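K.L.:
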Amino acid sequence: MEFCPKCGALMVPKQGKKRKSLACDCGYRTKQKPSVTSLKEKVPAGRGIEVVDKKLELLPKTDEECPKCKNKEAYYWTVQTRAGDEAETRFLECTKCKHRWRSNT
Ligand SMILES: [Zn+2]
Ligand SMILES: [Zn+2]
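This is how it looks when you write it as structure tokens:
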């Protein structure tokens, strides 16, 4: 049971057009929250640690030389390969020709 917050009288449930609400003789009316649980937005499944999808703009740069075009600037990121005891592999991508290579140094 609910009482009107305005006049204190007992409120009666009334079926509205779409949802139920409580109404009072004084004219006060509450709107009940729709019982339908809001659909959770489906988050697109992440593509894991796919290196290809890395946002290059966010990657740090290094002055490593590109083996292809000899450009001395490359983005780099590290990837831990499989077992944790393995050293992480450093990947580089030339800022100029987009050539990718890996280095273990
Ligand atoms: Zn009332
Ligand atoms: Zn290059």
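Numbering (my numbering), first residue to last: 71 to 175. Each residue gets a CB set at the ideal place from its N, CA and C atoms; glycine is no exception. For clarity, every value in this text was computed on a predicted model and none was experimentally measured.
1. Which of the three DSSP states is assigned to Leu128 in this structure?
2. How long is the line joining the alpha carbons of Leu109 and Arg170, rounded to whole angstroms?
3. Would you decide whether Leu128 is buried or exposed? Buried here means 16 or more other CB atoms lie within 10 Å of its CB.
4. Hey, Glu158 and Thr148 are a contact pair by Cβ (cut 8 Å); roughly how many whole angstroms apart?
5. So what's Gln150 in DSSP terms, helix, strand or just coil?
P.N.:
In short, the structure shows the following:
1. In the structure shown, Leu128 falls within a helical segment according to DSSP collapsed to helix, strand and coil.
2. For Leu109, the predicted model reports a pLDDT of 49, less than 50, meaning its position is unreliable and no value from the coordinates is stated.
3. With fewer than 16 Cβ atoms within 10 Å of its Cβ, Leu128 is classed as exposed.
4. The beta-carbon distance between Glu158 and Thr148, rounded to whole angstroms, is 4 Å. This is short enough to meet the 8 Å contact definition.
5. The DSSP-derived three-state label of Gln150 is coil.
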